[in-house]
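*Asks:* Numbering (my numbering), first residue to last: -17 to 193. Note that beta-carbon positions come from the ideal geometry of N, C-alpha and C, so glycine has one too. Just dropping this structure here.
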């Protein structure tokens, strides 16, 4: 069956999932583990969230609201009147963006090292992945990224970056936005761990998508 697998996936190792807390405990013989790598809530599920989930189960025999209007209204109330897209986690949003914009053979520039799913999603659309290494301290060199992304349909930047943890200053992000022709996908999944705010850039640059 291997001969049926697309060649782009044969060149790439699979996605590595984080170890579960129980597996780590057994491997190292420890009891207390603070698992922060997967952006999960370490606290037990609140009773309010449990009740909401239980209530939602009553309607699982029907398709949900495809426009997610309740969520959209809550997002606009909190962040402002921006254009929002929902998906099945960040991975689902990334795949939707790539599937919508990227043609086979087009380039996707990715600031590396970073979350490995970007490259997998790009290859899934037949894109040419252009890795752009960060500096020795893992800072982003805007000029290098702009130069490498000259012909890229999408440029991907994670801030705060996974796994290095450093955030890219808004002025550096703006320099990138002003230098590229394509879209900048800025993965902001870990924004709660940073004081950086990129929302003002959304009003100035239509080629910016915040994830």
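I think residue 148 touches residue 121, with their Cβ atoms under 8 Å apart; what is that distance to the nearest whole Å?
*Replies:* To locate residue 148, count along the chain shown from 1; it is residue 166. To locate residue 121, count along the chain shown from 1; it is residue 139. The pair is a contact, with the Cβ atoms about 7 Å apart (cut-off 8 Å).
*Asks:* Shortest alpha-carbon distance to residue 62 belongs to which of 189, 185, 191 and 33?
*Replies:* For the purposes of this step, residue 62 is taken as residue 80 along the chain shown, with counting starting at 1. Cα-wise, what sits closest to residue 62 is 185.
*Asks:* Are the CB atoms of residue 111 and residue 104 nearer to each other than 8 Å?
*Replies:* Translated into positions along the chain shown, residue 111 becomes position 129. Translated into positions along the chain shown, residue 104 becomes position 122. Yes, Cβ-Cβ distance for residue 111 and residue 104 is below 8 Å.
*Asks:* Enumerate in chain order the residues of its own chain whose CB-to-CB distance from residue 130 is below 6 Å, with the five nearest sequence positions on each side excluded.
*Replies:* Walking along the chain shown from the start, residue 130 turns up at place 148. Within the same chain, residue 130 has close Cβ partners 91, 112 and 114.
*Asks:* Where residue 44 and residue 10 are concerned, what is the direct C-alpha to C-alpha distance, given to the nearest angstrom?
*Replies:* Counting from one through the chain shown, the residue named residue 44 turns up at place 62. Counting from one through the chain shown, the residue named residue 10 turns up at place 28. If I take the Cα positions, the gap works out to 45 Å.
*Asks:* From which residue to which residue does the beta strand (DSSP E) around residue 97 run?
*Replies:* Reading the chain shown from its first residue, position 115 is the one you call residue 97. Unbroken run through residue 97: none, as it is neither H nor E.
*Asks:* When DSSP builds the beta bridges, which residues end up paired with residue 134?
*Replies:* Your numbering for residue 134 matches position 152 in the chain shown. In DSSP, residue 134 forms a bridge with 89.
*Asks:* Hey, residue 128 and residue 162: beta-carbon distance below 8 Å or not?
*Replies:* Along the chain shown, read from residue 1 onward, the residue named residue 128 stands at position 146. Along the chain shown, read from residue 1 onward, the residue named residue 162 stands at position 180. Going by C-beta atoms, residue 128 is nearer than 8 Å to residue 162.
*Asks:* Can you tell me whether residue 164 is buried or exposed? The criterion is at least 16 other CB atoms within 10 Å of its CB, across all chains shown.
*Replies:* Within the chain shown, numbered from 1, the residue matching residue 164 stands at position 182. With 16 or more other Cβ atoms within 10 Å, it is buried.
*Asks:* Between which residues of its own chain and residue 180 is the CB-CB distance below 7 Å, once the five residues before and five after are set aside?
*Replies:* As a first step, residue 180 must be located in the chain shown, where it is residue number 198. Answer for residue 180: 152, 155, 168, 170 and 192, listed in chain order.
*Asks:* Going by C-alpha distance, which of 20, 106 and 187 is nearest residue -13?
*Replies:* For this step, residue -13 is matched to residue 5 along the chain shown. When each option's Cα is compared against that of residue -13, the closest is 106.
*Asks:* Note down, one range per segment and in chain order, each alpha helix (DSSP H) of at least 4 residues found wholly within the region 42 to 82.
*Replies:* For the region 42 to 82, whole alpha helix (DSSP H) runs of length 4 or above, ordered along the chain, are 51 to 61.
*Asks:* From which residue to which residue does the alpha helix (DSSP H) around residue 192 run?
*Replies:* What you label residue 192 is simply residue 210 of the chain shown in a count that begins at 1. Run containing residue 192: none in the alpha helix (DSSP H); it sits in the beta strand (DSSP E), 190 to 192.
*Asks:* Pull up the CB-CB distance for residue 138 and residue 93, whole angstroms please, since I reckon it's below 8 Å.
*Replies:* The residue given as residue 138 occupies position 156 in the chain shown. The residue given as residue 93 occupies position 111 in the chain shown. Right, the Cβ-Cβ distance comes to about 7 Å (below 8 Å), so this counts as a contact.
*Asks:* Which residues in the same chain as residue 6 place their Cβ atom closer than 8 Å to its Cβ, once the five residues preceding and following it in sequence are excluded?
*Replies:* As a working note, residue 6 is residue 24 in the chain shown. Correct list, in chain order: 12, 15 and 17.
*Asks:* Could you spell out the range, first to last residue, of the alpha helix (DSSP H) harbouring residue 160?
*Replies:* For the purposes of this step, residue 160 is taken as residue 178 along the chain shown, with counting starting at 1. From DSSP, the alpha helix (DSSP H) with residue 160 extends over 152 to 161.
*Asks:* Considering only the beta carbon of each residue, do residue 84 and residue 135 sit closer than 8 Å?
*Replies:* Stepping through the chain shown from its first residue, residue 84 is reached at position 102. Stepping through the chain shown from its first residue, residue 135 is reached at position 153. Going by C-beta atoms, residue 84 is nearer than 8 Å to residue 135.
*Asks:* Determine the contact status of residue 89 and residue 109, defining contact as a CB-CB distance below 8 Å.
*Replies:* Here residue 89 corresponds to residue number 107 of the chain shown, with the count starting at 1. Here residue 109 corresponds to residue number 127 of the chain shown, with the count starting at 1. Yes, these two residues count as a Cβ contact at 8 Å.
*Asks:* Using the rule of at least 16 other Cβ atoms within 10 Å of the residue's Cβ for burial, across every protein chain shown, is residue 158 buried or exposed?
*Replies:* Position 176 of the chain shown, counting from 1, holds the residue named residue 158. Residue 158 should be labelled buried.
*Asks:* Could you check where the alpha helix (DSSP H) with residue 32 kicks off and where it finishes?
*Replies:* Within the chain shown, residue 32 is the residue found at index 50, counting from 1. Counting along the chain, the alpha helix (DSSP H) containing residue 32 begins and ends at 29 to 38.
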